[in-house]
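Asks: In the working numbering, the protein residues as written are 36 to 543.
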Amino acid sequence: MNKKVRVRFAPSPTGGLHLGGVRTVLYNYLFARKHGGDFVLRIEDTDQTRFVPGAEEYIYDCLEWCGLSPDESPLKGGPFVPYKQSERKSGYKKYAEQLVAAGHAYYAFDTPEELEHMRNAYRVDAHSTAQYDKNTRTKMRNSLTLSAEETKTLIENGTPHVVRIKVPENQTIVCNDMIRGVTQFDSNLVDDKVLLKADGMPTYHLAVVVDDYLMKITHAFRGEEWLPSAPVHMLLWDYLGWKDEMPQWAHLPLILKPDGNGKLSKRDGERLGFPVFAMKWHDPIKNETTSGFREMGFLPEAFINMLAMLGWNDGTGTEIFSLQELVEKFSIERVHKGGAKFDFEKAKWFNHQYIQNKSAAELVPLVRPYMPEAHAGADSSLLEQVIGLIKDRCSLLKDFWVQGSFFFETPVITELQAVKDKWSDTKKVFFEQFAAALKTTTDFNHAALEQMFGTMATEAGLKKGDVMLPLRIMLVGGKFGPGVFNIVEVIGCDEACKRIALAIDALA
RNA sequence: GGCGCGUUGGUCAAUCGGCUAAGACGCCUCCCUUUCACGGAGGAAUGACGGGUUCGACUCCCGUACGUGCUACCA
36 MNKKVRVRFA PSPTGGLHLG GVRTVLYNYL FARKHGGDFV LRIEDTDQTR
86 FVPGAEEYIY DCLEWCGLSP DESPLKGGPF VPYKQSERKS GYKKYAEQLV
136 AAGHAYYAFD TPEELEHMRN AYRVDAHSTA QYDKNTRTKM RNSLTLSAEE
186 TKTLIENGTP HVVRIKVPEN QTIVCNDMIR GVTQFDSNLV DDKVLLKADG
236 MPTYHLAVVV DDYLMKITHA FRGEEWLPSA PVHMLLWDYL GWKDEMPQWA
286 HLPLILKPDG NGKLSKRDGE RLGFPVFAMK WHDPIKNETT SGFREMGFLP
336 EAFINMLAML GWNDGTGTEI FSLQELVEKF SIERVHKGGA KFDFEKAKWF
386 NHQYIQNKSA AELVPLVRPY MPEAHAGADS SLLEQVIGLI KDRCSLLKDF
436 WVQGSFFFET PVITELQAVK DKWSDTKKVF FEQFAAALKT TTDFNHAALE
486 QMFGTMATEA GLKKGDVMLP LRIMLVGGKF GPGVFNIVEV IGCDEACKRI
536 ALAIDALA
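If you want it as structure tokens, here you go:
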């Protein structure tokens, strides 16, 4: 066990990269970095019926945005090219045949109709379907029931056929998992999975073990949904004669939906108003676009940090970790066994922390893409000033616009009624005088302005508190935002006077 | 249905036999702030159930319940 650590993330490019997928990438990445190993990205596109244009490129983009770039991939290349299973197609057949020759697999010629019939005919009760296994394979059309001659003829005639593993009877198959410890399976309950499909492509089961072997993978991390098929993989490692090279397994817990039960899905995100994909995904087949964490205004570091904590912690209570710190602290043994419900509020909290830890200047280029087009080119020093004023009330990058749009455009007043209720001629006169005073004052900074405002209010026989809120609503449009006089200082005299005048008109 | 996996506050979770059960998110109260936030101080809220083992069990074992995953020529 002193081989160089090599791990892989092996997605099937069929759509957006889901939270759970990114976390699997992350744990692979952390483990590889921690142990000075290699992180491989392998594209498992063996199902040609599920090909989705753009899905592969999307994965590369996601990993890059997350800052989790692989050392070897279809894009980058590496010592074990190609890294796409569709391009490795020709390599799998010989292993399937090797298994047939050794008596660990067989050819099966059953049509979909025949399979369907078998599943119904041999089921033990109404709730289940029969498996293709030791009980039923003797009743099907395969090289176990057909003579060698018949089998040969069928194959030579080009009869569609698959290769199935011949699962042994009465064995206990043990999977030793780094997270869960020992799990045992009764081989009598494992079915004869297809290894090589009729189109010549391997199934996942054959492809993972062959490629993990060929690519010298030492540790295989994947979602918990794979645990039930682990015995098939164990058997394959054994039958192919690679038992000593078998990677160590770790089956990661699932990420569940926040409410109710079940695995988190794209639909839940839509229903509950949060993303489940890392980045925006456009499905060219269904022609629908799904927004992602990036579009929502997450910083990749925060997104990664949040994901790391969903199912793992270092035991100290620390929650904020840089990627480098995660690399140092991460250990697969501390990953939980149980699934975690995703909590979007907590996710936002992580992002808030990261935003607060950045200076306004650092935030300028990050916030800019979330500005509406008309203001995307806003002056950087203005932007920096605004960001500095509002960042502590922003959790997402897109919050900067909702919290600060009034710095850039005259707002629509949504809370006029709150002013109107207590409006008076005295106040009207006061605000007119205040606007006039703004134009002549030489000391245009928030502290001086506030003092002037207070003094004038008193002179007009008004309480400062009675005119603060009206001023805020005139300038901001609603009851929110940073200090009113900071706002006056930033938007400047002309704009402030204009908004006051506009509001006075609206109140008339 | 079968098989696998899991189960500490609403959520994420610490604990690896000594618990008066950390911490974080969220929620509530108060302070700060003549707005809303931020920040500060408090608060409510937890071991699924039943048996064992043990001086002692949230921690170990066995059942039960519940949840979840798989049960495709999909991954």
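C-beta atoms are modelled at their ideal positions from N, C-alpha and C, and glycine is treated no differently.
Does any heavy atom of the ligand GTP sit closer than 7 Å to the C-beta of C210?
Replies: This structure does not include the ligand GTP; it has no bound ligands of any sort.
Asks: With burial defined as no fewer than 16 other Cβ atoms inside 10 Å of the residue's Cβ, what is the status of I290: buried or exposed?
Replies: Here I290 is buried. Its C-beta has 16 or more other C-beta atoms within 10 Å.
Asks: Taking the runs of the alpha helix (DSSP H) that are 4 residues or longer, which of them lie wholly in the stretch 188-249?
Replies: 239-249
Asks: Could you name the residues that DSSP lists as bridge partners for Y581?
Replies: Residue 581 lies beyond the residue range present for the chain, which begins at 36 and ends at 543; the question has no answer from this structure.
Asks: S47 and E79 - do their beta-carbons sit closer together than 8 Å?
Replies: yes
Asks: Out of G235, E204, M213, state which residue places its alpha-carbon closest to the alpha-carbon of D227.
Replies: E204
Asks: Under the DSSP definition of a beta bridge, which residues are partnered with D318?
Replies: Within the DSSP bridge table, the entry for D318 names E323 as partners.
Asks: For T449, I'd like the list of residues in its chain whose CB is within less than 6 Å of its CB, leaving aside the five on either flank, ordered along the chain.
Replies: G512, G513
Asks: Measuring CB atoms only, is the stretch 238-252 touching the stretch 277-285, in the sense that at least three cross pairs come out at less than 8 Å?
Replies: yes
Asks: Count the other CB atoms within 10 Å of the CB of H608; is the residue buried (16 or more) or exposed (fewer)?
Replies: Given a span of 36 to 543 for the chain in the structure shown, any question on residue 608 remains unanswerable.
Asks: In whole angstroms, give me the CA-to-CA distance for K376 and L342.
Replies: 12 Å
Asks: Hey, out of S415, T476, T490, whose CA is closest to G527's CA?
Replies: Per the Cα distances, T476.
Asks: Compute the Euclidean distance between the alpha carbons of D478 and L484, then round it to the nearest angstrom.
Replies: Taking the straight line from one Cα to the other gives about 7 Å.
Asks: Of the choices T445, E91, Q83, whose alpha-carbon is the least far from that of F44?
Replies: E91
Asks: Mind checking who I78 pairs with in its DSSP beta bridge?
Replies: K119
Asks: Looking at Y157: is its Cβ nearer than 8 Å to the Cβ of T171?
Replies: yes
Asks: Going by DSSP, name the residue or residues bridged to W284.
Replies: D212, A255
Asks: Is the stretch 115-130 in contact with the stretch 211-220, if contact means three or more CB pairs nearer than 8 Å?
Replies: no
Asks: Here's a check: name, in chain order, each residue in its chain whose Cβ is nearer than 6 Å to the Cβ of F328, leaving out the five neighbours to either side.
Replies: Only P310, A313, F338 meet the Cβ criterion.
Asks: Closer than 8 Å is the cut-off here; do at least three beta carbon pairs connect the stretch 235-243 with the stretch 177-190?
Replies: no
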